[in-house]
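Here the structure comes first, spelled out in structure tokens, and everything after it is commentary.
Number of protein chains: 2
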Amino acid sequence: MAPIADIDATRLKDIGAFEGSLAQRVYLSLKEAILSLEFPPGSVLRKGMICDTLGVSRSPVSEAIARLAAEGLVEVIPQSATRVSHFSMSEIREGTFLREALELATVAKVARDRTEEQLAQLTRNVRLQSLLVEDGDFTGFYQADEEFHAMLMQFTGYTRLITVARMVSLQVSRARMLLLPTPGRAAETLEEHRAIVEAIRDQDPVAAQTAMRHHLGQLLPRIEPLEQERPELFSPCDARKR
Amino acid sequence: MAPIADIDATRLKDIGAFEGSLAQRVYLSLKEAILSLEFPPGSVLRKGMICDTLGVSRSPVSEAIARLAAEGLVEVIPQSATRVSHFSMSEIREGTFLREALELATVAKVARDRTEEQLAQLTRNVRLQSLLVEDGDFTGFYQADEEFHAMLMQFTGYTRLITVARMVSLQVSRARMLLLPTPGRAAETLEEHRAIVEAIRDQDPVAAQTAMRHHLGQLLPRIEPLEQERPELFSPCDARKR
DNA sequence: ATGTGTCAACTAACATGTTAGTATGAATGG
DNA sequence: CCATTCATACTAACATGTTAGTTGACACAT
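Structure representation (structure tokens):
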């Protein structure tokens with residue numbers, strides 16, 4: 029009768045797998061566990077346990093948690109506890125809004141300023157996606173998809189763009205983990221990517237934005253049903269204790 | 029001959045003026061000093077000195093500095109020092125790009141979904157701006173300007189939007205401090221705001237975006253000359269030591 | 001049985017001690 | 001006189017000790 033507020037597991041990826049300062053590595057390890065839903069929404073993070081598991085002191089752990097809190101991945105209740113944030117449909121909607129704003133600006137700029145080399149890279153990526161769809165390699169397709177969008181942002185020449193885009197749509201990325209990819213959807217996605225690349229090829233910013241808007245518009249309707257299907261992952265459903 | 033890498037002053041606003049945790053207050057105090065250019069770009073932040081000045085220990089100061097580093101306001105050289113970031117024209121350009129992306133999405137949504145009450149608030153704000161221009165109250169006008177944009181973002185119903193917009197254009201805000209407001213520019217700005225509100229009144233998203241794009245486009249050309257006028261504030265000018 | 005007050009245990013927040021990496025400058029060799 | 005080395009001093013990064021606020025359970029009164 030109490031999976032309501034459960035404790036986190038000790039299956040954090042070892043910090044040796046990452047690089048950078050201790051705090052950075054702890055941050056990445058925790059972030060991965062949260063985004064992969066290995067730490068489910070609502071579960072409690074105990075500093076002491078994390079320190080023991082990872083074999084570090086509380087300083088780097090505190091810094092890591094502070095960053096996660098700033099990004100909204102965890103909620104820290106002062107002097108009491110810190111737990112993994114629940115999903116919130118309003119936050120997810122906001123994330124898609126912000127991401128769309130950035131992606132539209134990105135794709136318009138790239139359509140205007142693209143080089144032949146950049147176009148070739150995009151075309152190559154889409155061809156790779158095509159192969160992966162044929163092979164039914166969804167994991168590979170997911171990666172290629174991510175890379176496609178990252179590539180676009182990189183082509184703007186704005187280095188922080190990817191970082192900001194990742195941050196604003198963190199909740200969306202996490203919710204996306206619950207969506208199992210289907211052959212049909214992957215094929216559709218591929219076509220949407222093709223349309224974007226074609227508009228970029230033609231250096232038509234308006235068409236590129238339209239295609240991107242359509243592409244991004246597919247995600248939210250697929251996430252929304254989750255609120256009914258998995259209500260325990262969302263926030264305002266419970267008036268449990270007290 | 030060494031204003032090259034100078035030390036920071038002790039004129040931080042007392043943390044008693046802020047609220048929240050110690051770390052939060054230290055963060056706000058430092059941020060204010062950096063954004064107001066009281067800590068000039070390139071100056072070195074010493075943890076010890078900050079601790080003494082503010083009367084706190086290194087923990088909250090470290091957390092505050094970590095946050096400032098994440099936002100790009102300071103650069104920390106591992107094991108060595110942390111200094112206030114220089115201006116970087118490329119970062120400022122990127123900031124304006126990101127801000128424009130967000131403001132355009134914002135204004136389009138508000139133009140679509142606005143209520144009468146929201147329109148009234150915007151109109152009221154613009155009328156206030158008009159008065160302030162007449163009175164030559166530039167400080168007040170600056171605040172009303174900020175409020176105008178904040179209001180728009182608030183009207184979207186997306187709560188993080190303001191935060192994200194502030195963050196991505198932090199460098200721009202800081203650079204803007206070097207621009208002294210002129211009567212002419214304030215009057216122009218007022219007209220641009222009027223155009224935006226009119227498009228929102230007509231619920232015309234495209235016109236609203238056009239007006240907003242024009243409005244935001246005024247800023248960068250006014251910042252760019254600063255790179256020549258105040259080269260010491262910018263980064264890539266020096267190959268000093270070693 | 002139920003609402004209330006007290007208390008003990010636990011946590012984040014803060015303070016302080018320790019370590020290790022970097023930069024500076026003096027001493028030395030070319 | 002200039003380059004190189006090496007020792008020293010200083011810093012951020014990390015570890016650990018301390019404080020104070022919150023929570024939940026239990027006792028007790030109603």
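Chains as they are written, first to last, in my numbering: chain A, 29 to 270; chain B, 29 to 270.
Backbone N, C-alpha and C fix where the C-beta goes; we use that ideal spot for every residue, glycine too.
Keep in mind it's a predicted model, so treat the numbers as computed, not measured.
- Across the structure, Ala-61/A and Leu-40/A are spaced so that their CA atoms are roughly 7 Å apart.
- No residue range can be given for Ala-45/A, since it is assigned to no beta strand (DSSP E) and is classified by DSSP as neither H nor E.
- Neighbours of Glu-219/A in chain B, taken as residues whose beta carbon is under 8 Å from its own, are absent, since the nearest beta carbon is some 25 Å off.
- For the region 81-105 of chain A, the set of residues with a beta-carbon nearer than 9 Å to any beta-carbon of chain B comprises Ser-87, Ser-90, Glu-91, Ala-94, Arg-95, Ala-98 and Gly-100, in chain order.
- Rounded to the nearest whole angstrom, the CA to CA distance from Ser-113/A to Thr-191/B is 19 Å.
- At a Cβ-Cβ threshold of 8 Å, Val-225/B and Arg-127/B do not count as neighbours.
- By alpha-carbon distance to Ser-201/B, the top candidate from Met-117/B, Asp-163/B and Leu-132/B is Met-117/B.
- In the structure shown, Val-225/A adopts helical secondary structure according to DSSP, grouped into three states.
- The Cβ atoms of Ala-139/B and Ala-223/B do not sit closer than 8 Å to each other.
- Phe-183/B and Asp-232/B have their C-alpha atoms spaced approximately 16 Å apart.
- DSSP, reduced to helix, strand and coil, places Phe-67/A outside both helices and strands of the structure shown, so it counts as coil.
- Closest option to Tyr-170/B, judged by alpha-carbon separation, among Glu-145/B, Phe-115/B and Met-205/B: Met-205/B.
- For Thr-124/B, the secondary structure class from DSSP, reduced to helix, strand or coil, is helix.
- The alpha helix (DSSP H) runs of length 4 or more contained entirely in the region 171-210 of chain A are, from start to end of the chain, 188-196 and 198-204.
- Against chain A, the CB of Glu-128/B has a partner CB under 8 Å away; the residue lies at that interface.
- Non-local beta-carbon contacts of Ala-172/B in its own chain, meaning distances under 8 Å to residues more than five positions away in sequence, involve Asn-153, Leu-156, Gln-157 and Leu-160 in chain order.
- Looking at Gly-76/A, Phe-115/A and Ile-93/A, the one whose alpha-carbon comes closest to that of Gly-70/A is Phe-115/A.
- Residues of chain A whose Cβ lies closer than 7 Å to the Cβ of Phe-176/B do not exist, since the nearest Cβ in that chain is about 19 Å away.
- In the DSSP annotation of this structure, the continuous segment of the alpha helix (DSSP H) that includes Thr-238/B starts and ends at 233-245.
- Residue state for Glu-252/B is assigned as coil, using DSSP reduced to three classes.
- Looking only at Arg-213/A, Glu-122/A and Arg-111/A, the smallest Cα-Cα distance to Thr-134/B is reached by Glu-122/A.
- Not a single C-beta of chain A is nearer than 8 Å to the C-beta of Ala-61/B.
- With the criterion set as a beta carbon lying under 9 Å from some beta carbon of chain A, the members of the region 189-209 of chain B are Leu-189, Val-192, Met-195 and Val-196, in sequence order.
- Straight through space, the alpha carbons of Pro-259/A and Asp-165/A are spaced by roughly 30 Å.
- For Arg-155/A, the uninterrupted alpha helix (DSSP H) segment begins and ends at 144-163.
- Within the region 44-70 of chain A, no residue has a Cβ lying closer than 7 Å to any Cβ of chain B.
- One thing to note: Ala-51/B has its Cβ no nearer than 8 Å to the Cβ of Ala-98/B.
- Looking only at Asp-163/A, Cys-79/A, Ala-94/A and Phe-125/A, the smallest Cα-Cα distance to Ala-193/B is reached by Phe-125/A.
- Non-local beta-carbon contacts of Glu-175/B in its own chain, meaning distances under 7 Å to residues more than five positions away in sequence, involve Asn-153 in chain order.
- For the set Ala-94/B, Glu-145/B, Ala-214/B and Pro-68/B, the Cα lying nearest the Cα of Asp-163/B is the one of Ala-214/B.
- Leu-56/B carries a helical assignment under DSSP once its states are collapsed to helix, strand and coil.
- The beta carbon of Glu-122/A falls within 8 Å of a beta carbon belonging to chain B, placing the residue at that interface.
- It is roughly 31 Å from the alpha-carbon of Thr-167/B to the alpha-carbon of Ala-129/A.
- When the five nearest sequence neighbours on each side are left out, the beta carbons in the same chain lying within less than 7 Å of the beta carbon of Thr-217/B are those of Asp-173, in order along the chain.
- Under the three-state reduction of DSSP output, Arg-111/B falls in the strand class.
- By the rule that beta-carbons nearer than 8 Å mark a contact, Ala-133/A touches chain B.
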